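Residue numbers (UniProt numbering): 1 to 89. Using N, Cα and C, we set each Cβ at its ideal position, and we do this for glycine too. As the structure is a prediction and not an experimental result, all values here were calculated from the model. Below you'll find the structure, written out as structure tokens, and then a few comments.
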């Protein structure tokens, strides 16, 4: 996956930021050097959602436990992002 955004992706991101009244945390993430682990945990979270969609519907508590165990850094440090991923927002 290419980590560089093209112009269309950049414009879409700006539109989403404005529409959702989001505060830019890029500087803090860069300063804390968390971008690589955030990326890894987001990928892991999306992998779990794609691999276990039935579990997420049939036993959401068990699915949430699995997500928390695999993506604890994301939950502990970037809870809003974790919740948005969990709720498909």
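To which residues of the same chain is residue i closer than 8 Å at the C-beta, ignoring the five residues directly before and after it?
i	result
residue 68	75
residue 59	none
In or out: residue i buried (at least 16 other Cβ within 10 Å) or exposed?
i	result
residue 1	Confidence at residue 1 is low in this model, with a pLDDT of 47, below 50, so the placement of that residue should be treated as unreliable; the coordinate-derived value is given next. By the 10 Å Cβ count, residue 1 comes out exposed.
residue 63	buried
Using 8 Å as the threshold, is the C-beta distance between residue i and residue j below it?
i	j	result
residue 70	residue 44	yes
residue 85	residue 22	no
Would you mind giving the Cβ-Cβ distance between residue i and residue j, rounded to the nearest angstrom? I have them listed as a contact below 8 Å.
i	j	result
residue 82	residue 38	Going by Cβ atoms, the distance from residue 82 to residue 38 rounds to 10 Å, so no, they are not a contact pair.
residue 65	residue 56	At roughly 12 Å, the Cβ-Cβ gap does not stay under 8 Å, so residue 65 and residue 56 are not in contact.
For the alpha helix (DSSP H) containing residue i, list its first residue and its last residue.
i	result
residue 22	Here residue 22 belongs to no alpha helix (DSSP H), and DSSP marks it neither H nor E.
residue 84	79 to 86
residue 64	60 to 70
residue 44	35 to 51
Please list, in chain order, all residues of the same chain as residue i whose beta carbon is under 7 Å from its beta carbon, the five residues on each side excluded.
i	result
residue 73	37, 41
Closer than 7 Å: is that where the CB of residue i sits relative to any heavy atom of the ligand NAD?
i	result
residue 70	No copy of the ligand NAD occurs in the structure displayed, which carries no ligand at all.
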